[in-house]
Each structure stands twice: as structure tokens, then as C-alpha cells.
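Number of protein chains: 2
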Amino acid sequence: MASAFDPEKARVPPALQLPKPPVTKASHADPSSRFIFKIALCQLSVTADKERNIAHARKAIEDAAGKGAQLVVLPEIWNSPYSNDSFPVYAEDIDAGGDASPSTAMLSEAAHRLQITIIGGSIPERCGDRLYNTCCVFGKDGKLRAKHRKIHLFDIDIPGKITFVESKTLTAGENPTIVDTDVGRIGIGICYDIRFQELAMVYAARGAHLLCYPGAFNMTTGPLHWELLQRARAADNQLYVATCSPARDTGAGYTAWGHSTLVGPFGEVLATTEHEETIIIAEIDYSLIELRRQFIPDKLANYVEWVHAVQAQRVIIIVRGAKKNFDQTTAIAQKEMHEYQHQENKLGVQ
Amino acid sequence: MASAFDPEKARVPPALQLPKPPVTKASHADPSSRFIFKIALCQLSVTADKERNIAHARKAIEDAAGKGAQLVVLPEIWNSPYSNDSFPVYAEDIDAGGDASPSTAMLSEAAHRLQITIIGGSIPERCGDRLYNTCCVFGKDGKLRAKHRKIHLFDIDIPGKITFVESKTLTAGENPTIVDTDVGRIGIGICYDIRFQELAMVYAARGAHLLCYPGAFNMTTGPLHWELLQRARAADNQLYVATCSPARDTGAGYTAWGHSTLVGPFGEVLATTEHEETIIIAEIDYSLIELRRQFIPDKLANYVEWVHAVQAQRVIIIVRGAKKNFDQTTAIAQKEMHEYQHQENKLGVQ
Numbered sequence: 001m002a003s004a005f006d007p008e009k010a011r012v013p014p015a016l017q018l019p020k021p022p023v024t025k026a027s028h029a030d031p032s033s034r035f036i037f038k039i040a041l042c043q044l045s046v047t048a049d050k051e052r053n054i055a056h057a058r059k060a061i062e063d064a065a066g067k068g069a070q071l072v073v074l075p076e077i078w079n080s081p082y083s084n085d086s087f088p089v090y091a092e093d094i095d096a097g098g099d100a101s102p103s104t105a106m107l108s109e110a111a112h113r114l115q116i117t118i119i120g121g122s123i124p125e126r127c128g129d130r131l132y133n134t135c136c137v138f139g140k141d142g143k144l145r146a147k148h149r150k151i152h153l154f155d156i157d158i159p160g161k162i163t164f165v166e167s168k169t170l171t172a173g174e175n176p177t178i179v180d181t182d183v184g185r186i187g188i189g190i191c192y193d194i195r196f197q198e199l200a201m202v203y204a205a206r207g208a209h210l211l212c213y214p215g216a217f218n219m220t221t222g223p224l225h226w227e228l229l230q231r232a233r234a235a236d237n238q239l240y241v242a243t244c245s246p247a248r249d250t251g252a253g254y255t256a257w258g259h260s261t262l263v264g265p266f267g268e269v270l271a272t273t274e275h276e277e278t279i280i281i282a283e284i285d286y287s288l289i290e291l292r293r294q295f296i297p298d299k300l301a302n303y304v305e306w307v308h309a310v311q312a313q314r315v316i317i318i319v320r321g322a323k324k325n326f327d328q329t330t331a332i333a334q335k336e337m338h339e340y341q342h343q344e345n346k347l348g349v350q
Numbered sequence: 001m002a003s004a005f006d007p008e009k010a011r012v013p014p015a016l017q018l019p020k021p022p023v024t025k026a027s028h029a030d031p032s033s034r035f036i037f038k039i040a041l042c043q044l045s046v047t048a049d050k051e052r053n054i055a056h057a058r059k060a061i062e063d064a065a066g067k068g069a070q071l072v073v074l075p076e077i078w079n080s081p082y083s084n085d086s087f088p089v090y091a092e093d094i095d096a097g098g099d100a101s102p103s104t105a106m107l108s109e110a111a112h113r114l115q116i117t118i119i120g121g122s123i124p125e126r127c128g129d130r131l132y133n134t135c136c137v138f139g140k141d142g143k144l145r146a147k148h149r150k151i152h153l154f155d156i157d158i159p160g161k162i163t164f165v166e167s168k169t170l171t172a173g174e175n176p177t178i179v180d181t182d183v184g185r186i187g188i189g190i191c192y193d194i195r196f197q198e199l200a201m202v203y204a205a206r207g208a209h210l211l212c213y214p215g216a217f218n219m220t221t222g223p224l225h226w227e228l229l230q231r232a233r234a235a236d237n238q239l240y241v242a243t244c245s246p247a248r249d250t251g252a253g254y255t256a257w258g259h260s261t262l263v264g265p266f267g268e269v270l271a272t273t274e275h276e277e278t279i280i281i282a283e284i285d286y287s288l289i290e291l292r293r294q295f296i297p298d299k300l301a302n303y304v305e306w307v308h309a310v311q312a313q314r315v316i317i318i319v320r321g322a323k324k325n326f327d328q329t330t331a332i333a334q335k336e337m338h339e340y341q342h343q344e345n346k347l348g349v350q
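Line by line, the protein sequences give chains A and B.
Heads up, the first sequence is in UniProt numbering, so the first residue is 1 and it goes up one at a time.
Heads up, the second sequence is in UniProt numbering, so the first residue is 1 and it goes up one at a time.
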């Protein structure tokens, strides 16, 4: 044992193997290998009538699929008005499913029937006595592939402009969500999550092709930051970013900015819209990711090494602000380091 | 000893204390506490005549100080043409100083005489048999306060658009550079460094008020990314970002994009210009940083916890792509972890 021991290797534990993305690595130089598909961003009007909202979303998904979309994205909170008063009333028990969650039952049925992947925007979720702002991802088999609970709650106070405190009613999610689908590896965030570059970095390091952020920015932060943050996440991580907002309803308690957008891996806006209801259909070609990273190669190298450094220390990077989870995550990382160090000590490394 | 031992505390070593910024914490609510000053961005024309370049920069610094600037920023490579052929010819031995470095001697003299802080853009630096792309920061006492060697070299290849390989002649710097000055805590990057969000995050976590990036983007990446990256760094880190480019010279081998810019902590462009030679004078008010972070409070909390998580593991986050430095940094982090673990073991923690 001792003769085979290489202290340098022991000091740097092997990086965790990144899982292989489900989409074959597309080469821009080889057109036959390229994987090009259509995405639909459904910028839906949302009313106080939940049944209408569900039927309306179903019709939009059908329209999008009819136009060739293999991936359909819905807005944040598409089955309910966006308000702390509404969340408890419109919330559904997603885990129970069926009649307890008519919104996700519709998404599942539509995904299966139309043979598409759906990033189901978000709906208020009830789980025990807690409420979450939750995005469900359905595969073309109609099965729930991932469930993302908004990590960074929208607690904002710009005096005279916009004040909203989601944490009055909602609980923050605890986990990043990255999911393999028939249309690539997708990292999910909801609205305010897009402000946290760490989350996007973790997704990029794990091999995401596309980040999807259902989100309802407002009339203050929308013009200030909505496009900027999407383009920044895309350019910094050299991948696709898609956002989907509700259509603007100036009569609603919360006025959404709209402007659902698809951004390419150079940070370029590929498709966008104003604030009215519409369905954006646009093409995604993952071979462009490879091409952009060839142009500016250090970026990719940096990410790979960044995540390796993180993995080497078994640190789970904190992607959220909640103190409780910070402590939990730190404790987990410490425990893992301790176990690693214990093995190292047994090997006699000094 | 044993009775005083708290295993939870032992498992999470105390976060390193962040140094106190030199500028008194400015409160927007209390105007008397606010610290407002003028910054000058000198978008200089650069020629093949080094003596002319130095005299020209001196005059611009004097003009800027005459207009009330307390902080003057120069462009990337302001004493030399931007080319791999020129770097060895124009390079100066900054550490030797005096006649061996007339460019930095001028900066030092001007800073002292005019009682201002100078972020001296960058010049080619010779150190032994190596060349670096180096930014010197001088305090109003004329002393060299910091020296930043460009970490991320500009090795880019966009076929038919722009190809440049700095690493043909230059060596990459190894360290982030954050410096306390009379006008705040400033993080330094040079041009391509701005693409690496990790570097800006480290500076923000260490309490920077302002990031300064002397940089010469080009006619391809300039329109694509120059403003986007500045606004992203500012908005994501909620601090000021200043950039300074050479003026455009379409007759030069490398055509700079220009567009020197000051961005505020909401990601808003406060002052900018086109590509001709000019001096931008603009006001900076650090109390706006506090205000922006009050508006969107999770961001700051997140940074503090992010850096604490990093510190808890004694991980030095990798801010560059070079493999060699990755290994070095990992080894340092491993060593520190090992020492920490050793002490922990002595305390009997399991």
C-alpha cells in the first residue's frame, strides 16, 4: 500500500465526475451532430380565475407544440394572482397530485400527450403547513422530472417604488435544481433567484446547457435589471438563458414587467417581446455553446477548475442567504472534510 | 480545557475578520457622513513615442486634478502600442524604479504633487526574464500602494474577427489585488480580468467600494460585452465599477473600442463616452452602496456568508484558469485545512 501511495494525489482528492449531459456533445463544425430545437416562452395573462388560468395555459402549450416547440416554458405564478393574499388560496399539494394539484396534472397530461418537455413556470405549493413558490419540470413521458422551490424569496423595499415581502407567506427552497431532459441539461431558478450569480455558476459547473428562470419582475426592477441579469448569466457562464414572465396587467395588485427573453451563450438577445400576452418561439443550437467557449477558452477552463477546487474541499458553495441553511451546509462540508482528512491521516500524510 | 470546549464552534472556525474599509461608513440618511468625490477616467490616445505618451498622460492627470478629481484612472497599456512586438521594447522594471521605470516615476511624482490617488492603467512590466501587464496604484503621498499583474491573459480567437495571444510574450499574474486608498477600498482588474465574475466576487466579499478595470476591448468584443460586463459586475456585487480604455486609433495594429465608463451600484451607467480622446469626470457617492444593499438586502447577506463559507474551509477560491496556480492554491488550501484538522484532532473532536 505504502509504495503505491502518491502524497500529491492524496492531498487533492479526485474531482467528482461531472455527469454526462444527455444531449450528445454537438459540434458546430459537424452539422450532422448538431442538436437544434425550438423553445416556446408563453407570456400568459393571469386572472383571479384558476380554472380559466389552467385552461388558458393548456391552450398556450398546445399552440406552442403545434408550432414545433419541443420545450415550453410558463411564467412565474401562472395559476394565481401574484400576492401574499392569493398564495395560500391558490396553493396546491403537488406531492399529493391528482385532484390536489389540477395545475400540475394539466402540465403532466399536456407534456405526455404532446410529447414535449415543460418547464411549468411556478405555482404556489402547499406542503404540510408551508407554502413554496415552486416550478415543476415534466418530461415527454408526463413524469415529474424535477421540482424547484424558489430559493431566494422576493423581499424587497425600494421606498416609493416597490415593496414586496414574499417571506410573509412563503418558505424558501433549499436546493439548486438541475435536471436532465430530452432537450438538454437545464438549471432552474425562479425570478429573484436570477440575482444570485453563485447559483448560475453552480449550474454551469455542473454542465447545464440552459438556465430557465420563470420570473415576474416589476416596473422598477424590470427596466433596471431584467435584461441585464439574463445577459450577464448567459455571457458569464457561456450558455443559454430563457426567462418567462406573465403578461402585464396594470389592473393587478402587482404589475409584471413582461419582456420574456431568450439569450444566447455570447450574452446576445435572440428573441424577446414587450409586455403583452404572446408566445415567443425561438431556436436553440447547443453547438453554439461549444463554439463560444472555443473563442474564449479560459472561461470554460476556469469553471471546470473552480468546481474542482470546490469539490476538492468538498465545500458545497452557499447559494442562498438563509442563515439556517448556511450553518447546515457548512456542517455537511465540515463533516465531509473531516472524513476525508481522517482517511488521509490513516495514510500517514503529514 | 475540555469543559470549555464547544464542538460546534470547533467545527466551524471563526470567519476571518474583514478589514475595516478606510472610508468611514457613509449613511445616505445622514448627509454629513457622506463621502462624495470626483473620479477622472482619462481615455488617452497612445502612440509609438513613449516619451510623448508619458508627457501626454502627465498633462491629462494634471487636467483631471485641476477639475477636482481625487482619483484618476488611466487606460490599459498607455505608454506603448498594444502589441506583442511592443511589449518587450516598452517594458519597464517597476521594482527597480527611477530611470528604469520613467512611466511609474511620473505617476508617483504626479500623485504626490497633485495630492491625488492614481490607478495607473497598465504598462508592460519587466521582472527578471518575464513580462507582465501591470497596473500600479499610487497614493497621494506618491507611494506605490499596489501592483496588479493581469491575471487572465487575453488569448482569444474569434475567426475572421479578432485573434490575439498575450501569452506569447506575457506571463499571467497570480494574485487578486485589493487596495485601501484615500478614496475607498478598490479592487483592480485589467481588461480580460473583467470576464471572471469570481474575481469581482472576491473583491466584493472583501469590502471593495469600487472595482477599476483599465481595459482595451476591441471592435468585436467591445460592442458585444464591454458595457454588459461592467454593468453585471456592478449590479451583481452592488458596488461601483470604473473602466478606462485607450482612445481608438484605427491606424493602430490593435483597434481599441473606447467607451470608458463609470457604473453605479444598481448597474446603472453614470458616465460614459464614445471612442475619441477625452477625460470623463464623474461623482462617486459611496453611501449609495449602502442604500442599494438596503433595497435588496439578501445580496449583501449572501456575499458575507459566501465568503465566510469559503473562509470556514480555508479555501482560497480559484480566480484564474492557469493550471499551475490551481494546483498551488489547492495545495495551500489543503495545507491550511490539514493544520486546522490537526488542531481539531488534538481537541478530540470526532
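The C-beta atom is built at its ideal place from N, Cα and C for all residues, glycine as well.
- By the Cβ test, the segment 247 to 255 of chain B is not in contact with the segment 228 to 237 of chain B, since fewer than three Cβ pairs between them sit closer than 8 Å.
- For TYR192/A, the secondary structure class from DSSP, reduced to helix, strand or coil, is helix.
- No Cβ-Cβ contact shorter than 8 Å links ALA242/B with LEU228/B.
- VAL165/B counts as exposed, since fewer than 16 other C-beta atoms from the protein chains shown sit within 10 angstroms of its C-beta.
- LEU224/B belongs to the set of residues whose beta carbon lies under 8 Å from a beta carbon in chain A.
- With fewer than 16 other beta carbons inside 10 angstroms of its own, ALA55/A counts as exposed.
- The beta carbon of ARG231/B falls within 8 Å of a beta carbon belonging to chain A, placing the residue at that interface.
- In this model, ASP141/B and HIS152/A are separated by some 45 Å (Cα to Cα).
- In this structure, the alpha-carbon of PRO81/B lies about 21 Å from that of TRP226/B.
- ASN133/A is bridged by DSSP to PRO124/A.
- With three or more CB-CB distances shorter than 8 Å, the segment 123 to 135 of chain A counts as touching the segment 71 to 89 of chain A.
- Within the segment 100 to 124 of chain B, the complete beta strand (DSSP E) segments at least 3 residues long are 117 to 119, listed from N- to C-terminus.
- For a cut-off of 8 Å, the C-beta gap from GLY187/A to ILE194/A is around 11 Å, too long to register as a contact.
- For the segment 216 to 240 of chain B, the full-length alpha helix (DSSP H) segments reaching 4 residues or more read 227 to 237 along the chain.
- Taking the C-beta atoms as reference points, CYS191/B is found no nearer than 8 Å to ALA172/B.
- Against chain B, the beta carbon of ALA235/A has neighbours under 9 Å at ARG195, LEU224, HIS225, LEU228, LEU229, ALA232, listed in chain order.
- Under the three-state reduction of DSSP, ARG185/A is assigned to strand.
- DSSP, reduced to helix, strand and coil, places ILE94/A outside both helices and strands of the structure shown, so it counts as coil.
- What ASP157/A touches in chain B, judged by beta-carbon distance under 7 Å, is PHE295, going in chain order.
- Distance from the Cα of ASN53/B is smallest, within the candidate group PRO75/B, SER32/B, GLY66/B, ASP182/B, for PRO75/B.
- With a threshold of 16 other beta carbon atoms within 10 Å, ASP236/A meets it and is buried.
- For PHE35/B, no CB of chain A lies under 8 Å from its own CB, so it is not counted at the interface with that chain.
- Nearest to ILE77/B by C-alpha distance, out of LYS50/B, ALA29/B, GLN70/B, is LYS50/B.
- If you draw a straight line from the Cα of SER167/B to the Cα of PHE154/B, it comes to about 7 Å.
- Within the same chain, and ignoring the five residues on either side of SER45/B in sequence, the residues whose Cβ sits closer than 6 Å to its Cβ are ALA247, GLU277.
- Straight-line spacing of the CA atoms in GLY98/A and GLU92/A works out to 10 Å.
- Between ARG185/A and GLN238/A, the gap from beta carbon to beta carbon reaches 8 Å or more.
- Residue contact check for PHE266/B against chain A: a CB pair falls below 8 Å.
- Look at HIS148/A here: in three-state DSSP terms it is strand.
- Ranked by Cα distance from PRO176/B, the first of ASP182/B, PRO124/B, ALA146/B is ALA146/B.
- When GLY121/A, THR163/A, ILE158/A are compared, the shortest CA-CA separation from HIS148/A is found for GLY121/A.
- Remark: C-beta atoms of VAL137/B and THR104/B do not approach each other more closely than 8 Å.
- As DSSP reads the structure, GLN43/B sits in a beta bridge with THR278/B.
- A residue is called buried when at least 16 other Cβ atoms come within 10 angstroms of its Cβ; SER33/A does not meet this threshold and is exposed.
- Distance from the CA of PRO102/B to the CA of ILE284/A, rounded to the nearest whole angstrom, comes to 53 Å.
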